[in-house]
Amino acid sequence: MTAKELRRSYIEFFKSKGHSEIKSASLVPENDPTVLFTTAGMHPLVPYLMGQPHPSGIRLVNYQKCIRTGDIEEVGDDVHLTFFEMLGNWSLGDYFKQEAIEFSFEYLTSSDYLNFPVDRLAFSVFAGDDDAPLDQESLDKWQSLGVAKTRIAKLPKKDNWWGPAGHTGPCGPDTEMFYWTGDGAAPETFDSENKQWVEIWNDVFMQYNKTADGTFEPLTQMNVDTGMGVERVTAILQGCASCYDTELFTPLFDRLKELSGHADPRQDRSGRVVAEHLRSATFILATDITPSNLGQGYILRRLIRRAVREGRRLGIATGSPFCTQIGEVVIKEYCDIYPELAQRNDVILKELELEEEQFAAALERGEREFNKMIDKFPPHVEKKIISGRKAFDLYQTYGFPLELTVEMAGERDFTVDETGYNKAFEKHQDASRLDAEDKFKGGLQDHSEHTTRLHTATHLLHQALRDVLGDHVAQKGSNITADRLRFDFSHPEKVTKEQLTEVEAIVNKHIEAGHPVSRDEMTVDEAKTGGAIGLFEERYGERISVYTIGDYSKEICGGPHVENTNKLGSFKVKKEESSSRGVRRIKAVLS
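Reading the sequence shown from the start, the letters are residues 30 to 620 in our numbering.
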């Protein structure tokens, strides 16, 4: 079964069980300051898991594109990916453990679907602790389906519990499904520490609310959230050791072989890094993010530059640009599933070309800096060691890989303090991981009155910017905290002081007008015809939510908002600056 067949099989199975298919949301979360990218299929659905009605109903299914950046340096082994796809099905207050487990078991074992032999499957459930009891219901359900007791592990909270995302909120046990990838028959007893048992699916049961005093109370609306990795399951279905051996990556490696002359880039760590990182970068570029030194743009830049330097190690000649050629393959392979790739084809390829050109120059500067560093050592010094700090500075400032520093040092009879480099790198990585992979709380970071007011003010700001600057203005990102709003929008030049003053005046005028704020559900076509603005291609389901502010603003949005603009107070722009090429950023507050 191919990945394309797996996606469609999963969707059709759950549609036959009464689920509505929803589209993959953007890789860039809306109104969530705690993560840079969508990290799981449930991430865009948090407002609905918290109780807000979903336009497509209470049973949902989709495939979701995701980015996780905490282990970029590990990419190249059989396991780690930056970009990946998740299959997921959700119950929003409808079915719970019994049906969820039945659905999972049927899809895994039925000859009409994955047809996995039961004797190669194993499962885990929450063992229970002082906060919540053993998940006896899940345990009993798996056994009722014919699963042997020895194939069901009872594991602690660190393994079989989800949430809460913050200190308080929805949480609950999960049950995980594993497939035996080892040679021969699977062991009779499931050992979760045996890495030949590979996790393939996870059903999360949100049944508790953790309160401020640390107690766990049953939720009124109990939800189911599941996740299955497309790349991992495709590899298993095809009997491959890793996803790099599947058709998902074959076209990329074929092109890399042509470019580098390498006999088998698929089996070379550098080849894997180039293919994986440029696949990830292509998808990020499709969201209007461009390379920069901040936030998502920094992650994008890091991915492209790692790909460039690993391409050099693979054998692609210096001065031979290649990123656009790999990007073209990614777009061709995925554009029928994710049409935004084709829609932004020219922009994606141009940005890949520009970033590769810039980094080629940085590599040359790094080599010059390296030579200066070497020349500073007195000839009589016997132990010629480049400090770990200096080696890391070469990496951080010029993107100079440690391997290249070590190789060049050896040619000059120098060594490198790799231990010191690793310590400096780990310190940097820990800081980056906290920034890039912080746990999300979903939707608006909090639903306090002030945060909700800022959310409504963002809609007024968006429309005011279009009034003053022109209809080319479109949202490129939004970040709302309890203190301020941050709004990124398309505009080719700095917004003048006079223009900002006019924008402020317009927003405050509509705040003082006391416009009612209303929410309506409609089709995408109805929203477009009615003049709503927003990222239509990133909305899932046939029906969407549209918030209207008087007769001034109409925008697709998940909410929440105030009931009337007279609740907002006074609006003030605090800063206007560049976010990235062609994108400006405004920070504003409400008094």
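Don't be surprised by glycine CBs; every beta carbon is placed ideally from N, CA and C. Since the model is a prediction, treat every value here as computed from it, not as a measurement.
The DSSP-derived three-state label of K604 is strand. Secondary structure note for V546: its beta strand (DSSP E) is the uninterrupted segment 546–552. Residue L314 holds the alpha-carbon nearest to the alpha-carbon of R330 among L597, K557, L314.
For T98, the closest of H306, R180, F278 by C-alpha to C-alpha distance is H306. Contact check for C352 against V337 passes: the beta carbons are separated by less than 8 Å. T577 is positioned such that its CB atom lies no closer than 8 Å to that of D554.
Burial is judged here by how many other beta carbons sit within 10 angstroms of a residue's own beta carbon; G506 has at least 16 and is buried. Per the C-alpha coordinates, the member of K456, A156, K412, P408 positioned closest to D422 is K456. Considering only G86, I87, C95, the residue with the shortest C-alpha distance to P73 is C95.
The shortest C-alpha to C-alpha distance from G256 to any of Q172, L483, V90 is the one to V90. Looking at the backbone, the Cα of D274 and that of T444 are separated by about 37 Å. Take the alpha-carbon of T448 and the one of I40: they are about 49 Å apart.
Assignment of Q81 by DSSP, reduced to helix, strand and coil, places it in the coil class. Here A542 is near T594, since their CB atoms are less than 8 Å apart. The Cβ neighbour count for H48, taken over all protein chains shown within 10 Å, is at least 16; the residue is labelled buried. Our two residues, A304 and L281, have alpha carbons roughly 6 Å apart in a direct line. For F518, the secondary structure class from DSSP, reduced to helix, strand or coil, is strand.
Closest by C-alpha distance to L619, out of D107, E605, D512, D442, is D512.
By the Cβ rule, the region 405–417 does not count as touching the region 371–386, because fewer than three pairs are nearer than 8 Å. Annotated as distal: M30 and D254, with beta-carbon spacing of 8 Å or more. Setting aside the 5 residues that flank it on each side, G356 is surrounded in the same chain by L307, T311, I377, L378, L381, each with a C-beta closer than 7 Å to its C-beta; the list follows chain order. Residue state for T510 is assigned as coil, using DSSP reduced to three classes. Secondary structure of D422 (DSSP, three-state): helix. Distance between W191 and D123, taken at the CA atoms: about 19 Å. Scanning the region 140–194 for uninterrupted alpha helix (DSSP H) segments of 4 residues or longer gives 165–173, 186–189, listed from N- to C-terminal end. In the structure shown, the three-state DSSP call for D375 is helix.
Less than 8 Å separates the beta-carbon of F207 from that of I229. In this structure, the straight-line span from the alpha carbon of N223 to that of T210 is close to 10 Å.
For C352, the enclosing alpha helix (DSSP H) starts and ends at 352–363. Taking all protein chains in view, the Cβ of L323 is surrounded by fewer than 16 other Cβ atoms within 10 Å, so the residue is classified as exposed. Here S153 is buried: its Cβ has 16 or more other Cβ atoms, across all protein chains shown, within 10 Å. Comparing C-alpha distances from S221 to each of F454, K604, P350, T179 shows the shortest one belongs to T179.
Under DSSP, D232 takes part in a beta bridge, and its partners are T204, T255. In the three-state DSSP reduction, D106 falls in the strand class (E or B). In the displayed model, Y136 falls within a helix according to three-state DSSP.
Under the three-state reduction of DSSP output, T249 falls in the strand class.
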